[in-house]
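These notes are about the structure you will find just below.
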Amino acid sequence: YWWVSIVCDEQVDNTIGATPQLNGWTTGSGTDAWVEFFREKRIGFQVRKAADSRIRKQWDATLEATNGLADLFEGLEVKPSVLHGDLWSGNIAAVNGKPCIFDPAVYYGHHEAEWGMSWCASLGPSFWQGYRTVIPKDEGFERRFALYEAYHQLNHYNLFGGGYYNAAISRLAQVEADAS
1 YWWVSIVCDE QVDNTIGATP QLNGWTTGSG TDAWVEFFRE KRIGFQVRKA ADSRIRKQWD
61 ATLEATNGLA DLFEGLEVKP SVLHGDLWSG NIAAVNGKPC IFDPAVYYGH HEAEWGMSWC
121 ASLGPSFWQG YRTVIPKDEG FERRFALYEA YHQLNHYNLF GGGYYNAAIS RLAQVEADAS
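87 is the number that UniProt numbering gives to position 87 of the sequence shown; each next residue is one higher, with no gaps.
So, in structure tokens, the structure goes:
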């Protein structure tokens, strides 16, 4: 995947909402590189931005329970995909009867990470059924899904505060609990 190595190394940073989003992978293009990228430049960045001891404590417990997130990806080959990065119902529309997505927070990542905002997307069973005919569900998806939701919950907490605080901690706690 020589092209992934080039592209991942040369990604342009952008934003997700008003939050900076750092996009360059630090090492390679495989599963270990994805784990490091997501740990440091996605959730780790949001945890540091939150500067909250309770969030930090839960993040540390989650990392300890999952071997720095690596256990969540054991036996899985992550192939970087182009992700919209902020896919929710407010960024999905129909134009002239055809689907349209907009306001991306584009980056290369694990295809499952795309669904971290699905709690705001109102994607019904027919969507998932169709999607799964193209991309089958990988083993361990539910454990990683909570992790990907945690990223967006943390970002929402950093942007809007309030109710997202407990949701972010809850999703991280779920990842920790599922690892036990």
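Yeah, the Cβ is synthetic: ideal placement off N, Cα and C, and Gly gets one too. Predicted model, so just to flag it, every value in this text is computed and none were measured.
Pair every Cβ in the region 91-106 with every Cβ in the region 57-74, then say whether three or more of these pairs are closer than 8 Å. Below 8 Å, too few C-beta pairs join the region 91-106 and the region 57-74 to call them touching: fewer than three.
Helix, strand or coil for P125, going by three-state DSSP, please let me know. Here P125 sits in helix by DSSP.
Using 8 Å as the threshold, is the region 107-120 in touch with the region 78-92, meaning 3 or more CB pairs across them? They touch, by the three-pair rule.
For the region 134-142 against the region 19-33, do three or more pairs of beta-carbon atoms, one drawn from each stretch, fall closer than 8 Å, so that the two count as touching? no
Can you check DSSP and say which residues form a bridge with P99? P99 pairs with A94.
Nonlocal neighbours in the same chain, by C-beta distance under 8 Å from N155, ignoring five residues either side: I16, G17, T19 and Q46
Excluding sequence positions up to five away, which residues of its chain have a Cβ less than 7 Å from the Cβ of E149? G116, W119 and R171
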